[in-house]
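Under my numbering, the letters of the sequence shown match residues 6 to 146, in that order. In this text, a Cβ means the ideal position worked out from N, Cα and C, and glycines have one as well. What follows is one structure encoded as structure tokens, with my remarks underneath.
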Amino acid sequence: MTTIAYRWGVLAADSRAGCNGWIYPYASEKLHRLPDGTVVGLCGTLAEATKFVQWLKAGESGDEPPLAESTIIRLRKDGSLTIYEAGASFDVKTEFGAWGSGGPVANAAMYMGADAAKAVEIASLLDDATGGKIVTMKCEI
């Protein structure tokens, strides 16, 4: 799956791509900047999540693509988050949070003071679906 973490205005993600326990020899882009300057992170089924991100980039025109096995985390300029999953969305205002297969480990790391990137790095030590280069993004103002 992956690990997406948020803290202090930063989204962080790993770049591992894989399926059924196999690691692909290429990186996966899991953070995307939208035209309005906000940032989204994706975890779950890559094809499904990417289709949803393309819909967001296109201004949310047309029918919303379904999210059955994915979660999209949108970081807004005011620091709030919108979570899209299972056909719904909800807004969250939190100091930190993490999603994906390494989410519990990343959350624990942030409880102990880690920033978002360090939390994903720590998750990669315990979660075999998290790995590769860690990427971070902030909103453009």
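If you run the structure through DSSP and keep just helix, strand and coil, what is residue i?
i, result
"MET115", "helix"
"LEU39", "coil"
"THR141", "strand"
"GLY92", "coil"
"LEU130", "helix"
"TRP104", "strand"
If I'm right that residue i touches residue j with Cβ under 8 Å, what's the distance once you round it to whole angstroms?
i, j, result
"LEU5", "ILE78", "The shown model of the chain, from 6 to 146, leaves out residue 5, and the question about it has no answer."
"VAL15", "ALA121", "5 Å"
"ALA10", "ALA103", "4 Å"
"VAL125", "ALA111", "6 Å"
"GLY49", "MET6", "6 Å"
"LEU61", "MET142", "Actually they do not touch by this definition, with Cβ atoms about 14 Å apart."
Should residue i and residue j be called a contact, given that it needs their Cβ atoms to be closer than 8 Å?
i, j, result
"THR76", "ILE88", "yes"
"ALA22", "VAL140", "no"
"ALA134", "SER106", "yes"
"GLU74", "GLU53", "yes"
"LYS123", "ALA113", "no"
"SER66", "GLY137", "no"
Within 8 Å (strictly less), CB to CB, does residue i reach chain B?
i, result
"ARG79", "Note that chain B does not occur in the displayed structure, where there is just one protein chain."
Could you name each continuous beta strand (DSSP E) segment of 3 residues or more that falls completely within the segment 14-77, going from the start of the chain to the end?
15-18, 36-38 and 44-49
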